[in-house]
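Respectively, the protein sequence lines represent chains A and B.
Each residue of the first sequence is one higher than the one before, starting from 603 at the first, in my numbering.
Each residue of the second sequence is one higher than the one before, starting from 828 at the first, in my numbering.
Worksheet for the structure shown next.
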Amino acid sequence: MIDHILSILIFFPLVAGVLGFMVNKDSFRAYGIAVAGIEFLLSLWLWYAFDNSNGGFQFVEMAALVPAFGISYQLGIDGISLFIIIMSTLVTFIGIASLTETRNVKNMIITLLVLEMTMVGVFAAMDAILFYVFWELSLVPMLYLIGAWGGPKRVYASIKFFLYTFTGSLVMLVGMIFMAYLYQQATGQWSFSFTEWYRVVLPMNYQLWLFAAFFLGFAIKVPMFPFHTWLPYAHGQAPTIGSVILAAVLLKMGTYGFVRLSLPLFPDASVFFIPLVVVLALIMIVYTAMVAYAQEDIKQVVAYSSVSHMGVIILGTFALNIEGVSGSVFLMIGHGIVSGALFLLVGVIYDRRHTKMMNEFGGLASVMPRYATIFGIMMMASVGLPLTINFVGEFLSLLGIYKVSMMYALVGGLAIIVGAIYMLAAYKKVFFGNVTKRENENLPDVNRTELYALIPLTIIAIWLGVYPKPVLDPIDRSVRENVLNIMYQKVNTEMGTPEARALISDPYAIKETITAAAPEAKKHAAVAHHTPEAR
Amino acid sequence: MLEAVNISFASLNIQTLYPMLIAISGALFILCIDLIKSGLNKSMYVMIALLFLALDLGAVLDFIGVFETTGAVRGFFDVMLMDGLAILAQIIMIVASMLFILLALTKQRFNEYRYPEYFALFLFMIAGLQFMVASDNLILVFVGLETSSLALYPMIAMHNRRNSFEAAAKYFTMGALAAGFFAFGAMILYALTGSVEIGVMAASLAATGIDTSSMIFIIIATVFLLAAFAFKLGLVPFHTWTPDVYQGSTAALAGFMSIVPKLAAFVVAIRLFEFLMSTGVLWIEIMLYAIVVLTMTMSNIWALVQKDVKRMLGYSSISHAGFVMAAVLIGTTHANTALFLYWALFAFANLGAFAMLWMTHEKVHDRVSDDAFEKFSGMIKTSPFAAVMMALFMLSLAGIPPFALFWGKLYLISSAVTGGYIVLALIMALNSAVAAYYYVKIIVYMFMKEPVGTNDYTVNSSTVLKTVIGTAALFAIASVLAVSPLMEFVARMVYNSGY
């Protein structure tokens, strides 16, 4: 069974969802929670069975689908995808457990289970077409979730979401086909397998075009400035569970795509595009932070802050060094936990008052103390307070980008301070001061179900902030092996550009220079590999 | 004194005619039954037609073995050509026809199915289409084209609505014009080369070489032939009849028209444009390129604003035809394989979509729009299973993986990439994105709006209809498993035919 655990993990929710049609409506919540719980336990077992000392792909499954065209059913995970998968199953589980929706719960839970299949599928796929299949398929349940259970402008929001992402990914599909074609030109055989693609060293001009094609698909999903306009609508109209999954997991597909595909496949183009991507990311961080500050709607504040933090992830990814990339992967997990929890918290207050406007609240800290506490912790985690989960990721990402350029790090760091301002301001408006509205005087505090959903997230947010090692170590190992080492090998062939060679250092060399005792060896390593310090 | 012409019967290779003869004799058989005893139920005729189509299919399948051992078979004074393209096209056409003829078995009674002639015409039409694909002789192609078209016009008109008469008359006039164009184009090529057979024309042109005057003639001939095909395939700017005709016909017949006759025209187009492009006249490629891009883009934009689902599907099928015409433009083996793969997958997805429309068809006289989008509002609440099926076909048509048409799109776009048409590939991809909007629009109506009135979505359903829809749905979902063997088979057939 352990050989096929990834297939089981992917298709268990689908099978359960289809069987779910036969389950009685009244018992459906329990069924959904049970299925999502089993799925989460399965993903924990995956972690248990995962070999932490191995940075390569594990649990690899391989079956040819269309052999003549090189499409195969290839699955595998490494430290990068493992924790994103666990985070996805956890967030889905908690999301279903804390569901307060009453209309058509059965349809909703089945949709969520199908969505869970596509999410796990994207992160476990190691074949580009398989990746694309799950990537696109995830749009359909999300379209339904927003469109059927959303707010007044739900149809507009859901179609906007669908078309934006669909367009971007079709361009990416052309890029994928072209990549496979280049592979075919080089080897005589078609292949869409990531591991096969990693072997291809591309000339610079192809890299630039392909990077651009993939970038469009990923950037719309992240969503990066200026492609971010679909997200506020989607978040504004989506039901709580939709926002939770969207922010926590679906956006990560984009950043994951950068780490998994763009970086190792097009290292020289990645280096070439650093200024553009980083500037876009900085605009995204600063601009959305400012927009967030101007929002009246607390859900929009959380939504924009979530976009803003996605910018930090991009920043770390395009630092192209071990701190930056590992930090950004870790931040993906942290962001998933924290933004998921924040949207759940907004949902809690929305269920009670059916409004999300901040001026409708005030002084909630005295009415709902437990709610205020949890919200406070999560907000602190969101702004990256030390000893919370996001601090680790943000610190590492900024450290990474600092090694590339101090200016980038400075602007990025300032933006985090702005983030603290708007979050604290929003918190103050909602929780402190006097209770101004009579409706708010007797609001019930978080109930037991909500507490069960929120406490685990809070614990994780603090635990991984204090002791990130069990998660960070496997990520670190896989980033070295599956991202940076491939990039390093490629830029040091004759096709690599000098800029890329100067920037990307041997991921294994740094460690050696630290452990080596003899000063000669250290000097030697620094000269040989053009580490940024040497410059 | 004329010399006696001696032809041995064996040299005629008469078995190349068997498939068509089976269809024709089936049609005559149906007419004979009607002579002997009239007033029989439509189900009898449907089954008779189905049986003859099955025999027809068997005769075609027989040729696969022959083709794989001895290559393309010629017959009947060398006008018949049973190569891989002919066999593939006939298989797809006959299988699609077998499924579409079953749509006649509805719950409600319709005028046209009362006449046995309808089913006789249907079989005549199939025979005509089979002649079209199984020949590289432009005269026989013309005969086949006219046989099939002349059978199709009355079939549309027999629906006995004002819209249907209009549709039939429109289709007839446009079809006649297209036939004229075709004949004129073929005439110029004959004047230039002294032959009506594509293979001989190519050889003759290659022998004489192309100078300026013959180049002008070739361009003129191409313009006429292209216009003729554009009429038949409904390519922009010769498409204007398509939505009207679809709207006027029953959903069952409209679905049929969007698939089967078009495939026959595509096969002739592959044969003809392979030859015309090989003459090396640049303008031909440019014209074809322009038509392909225009067709894909414009029809998509028009489809966005339609208020009637059948008209929308009409425009969408124009856009799909444009997609597939791109394969003719690219012209590599990869592209021609993609054409057949795409069309086979498209046939099932479109069959499902039109069958769903057909199932909701109410018997109301002279209403402007039978299938307004509003009709589907809130379908998930009233008949959830039908809504899921319809959504499945729409997603499939939109090319959302892993449903049927995605694989066709993937392969077609990849053929554009390998053929060096990267810009075309991007245009195709972006057009797919535009197309997604109007397919999703139906899903929005079905899943996100409240039901209006008391619509019975299954007013026309019968066990047979449900079976057909189920088959199409099964194929749409399970296509991921079928793609690999299908692709290999198609590629082998196409490659061995030399295209």
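All C-beta atoms in this analysis are idealised placements derived from N, C-alpha and C, irrespective of residue type, glycine included.
Since this is a predicted model, take the numbers as computed values, not measurements.
Check                                                                                                                                   : Outcome
Residue closest to S1343/B, alpha-carbon to alpha-carbon, out of M909/B, A1243/B and A947/B                                             : What the structure shows of chain B is the stretch from 828 to 1326, and residue 1343/B is not part of that stretch, so it cannot be assessed.
Where I1024/B falls: helix, strand or coil (DSSP)                                                                                       : Per the sequence shown, the amino acid found at residue 1024/B is Glu instead of Ile. In this structure, E1024/B counts as strand in the three-state DSSP scheme.
Buried or exposed (CB count within 10 angstroms, at least 16 for buried), N1049/A                                                       : exposed
Contacting positions in the region 743-774 of chain A - beta carbon closer than 8 angstroms to chain B                                  : L745, Y746, G749, A750, R756, V757, S760, I761, F764, L765, F768, T769, L772 and V773
Boundaries (first-last residue) of the alpha helix (DSSP H) holding R1103/A                                                             : P1100 to L1105
For F827/A and G844/A, the rounded distance between their alpha carbons                                                                 : 22 angstroms
Close-in-space but distant-in-sequence residues of the same chain around M847/B (CB under 7 angstroms, 5 per side omitted)              : A954, Q957 and F958
DSSP three-state assignment for M774/A, whether helix, strand or coil                                                                   : helix
Cβ distance (whole Å) where I1227/B is taken to contact M1273/B below 8 angstroms                                                       : Actually they are not in contact, since the Cβ atoms of I1227/B and M1273/B sit about 16 angstroms apart, beyond 8 angstroms.
Amino acids of chain B, ordered along the chain, whose beta-carbon sits closer than 8 angstroms to that of I779/A                       : L1237, I1240, S1241, V1244 and A1252
Outcome for N961/A when other beta-carbon atoms lying within 10 angstroms are tallied against a minimum of 16                           : exposed
Below-8 angstroms beta-carbon distance, Y734/A vs any chain B residue                                                                   : yes
With 16 other Cβ atoms within 10 Å as the buried cut-off, status of S930/A                                                              : buried
P669/A at chain B interface by Cβ criterion, 8 angstroms                                                                                : yes
Rounded Cβ spacing between G672/A and S864/A (contact assumed at less than 8 angstroms)                                                 : Between S864/A and G672/A the Cβ distance is about 21 angstroms, and since that is not below 8 angstroms, they are no contact.
Where the beta strand (DSSP E) through A896/A begins and ends                                                                           : Looking at the DSSP string, A896/A is not in any beta strand (DSSP E), and its letter there is neither H nor E.
A651/A classed as buried or exposed, judged by whether at least 16 other C-beta atoms fall within 10 angstroms                          : exposed
Straight-line gap, E939/B to V1151/B (C-alpha atoms, nearest Å)                                                                         : 32 angstroms
Within 8 angstroms, strictly: CB atoms of L818/A and L1105/A                                                                            : no
Where the region 781-796 of chain A meets chain B: residues whose CB sits under 7 angstroms from a CB there                             : Y783
Cα-Cα separation between V861/A and F945/A, rounded to whole angstroms                                                                  : 26 angstroms
Short CB-CB distance (under 8 angstroms) between L1222/B and chain A                                                                    : yes
Where D729/A falls: helix, strand or coil (DSSP)                                                                                        : strand
Where the beta strand (DSSP E) containing M909/B begins and where it ends                                                               : M907 to M909
Neighbour flag for F1150/B against chain A, beta carbons, 8 angstroms                                                                   : no
Listed by chain order, chain A residues near L1257/B by CB distance under 8 angstroms                                                   : T769, L772 and V773
Short Cβ contact (8 angstroms threshold) for M1138/A with P869/A                                                                        : As shown, chain A starts at 603 and ends at 1137. That puts residue 1138/A outside it, with no answer to give.
8 angstroms Cβ cutoff, E1201/B in contact with chain A                                                                                  : no
Closer than 8 angstroms to chain B by CB, L1016/A                                                                                       : no
Inter-stretch contact (C-beta, 8 angstroms, three-pair minimum) for the region 1201-1216 of chain B and the region 1116-1128 of chain B : no
Under 8 angstroms by beta carbon: chain B residues contacting L739/A                                                                    : I1227, P1228 and P1229
Residue of Y945/B, D963/B and V922/B minimising C-alpha distance to D910/B                                                              : D963/B
Backbone secondary structure at R901/B - three-state DSSP                                                                               : strand
Residue interval of the beta strand (DSSP E) (run including G678/A)                                                                     : I673 to I679
Same chain, Cβ closer than 8 angstroms to P1046/A, five either side skipped, listed in chain order                                      : R954 and M970
With 16 other Cβ atoms within 10 Å as the buried cut-off, status of G1325/B                                                             : exposed
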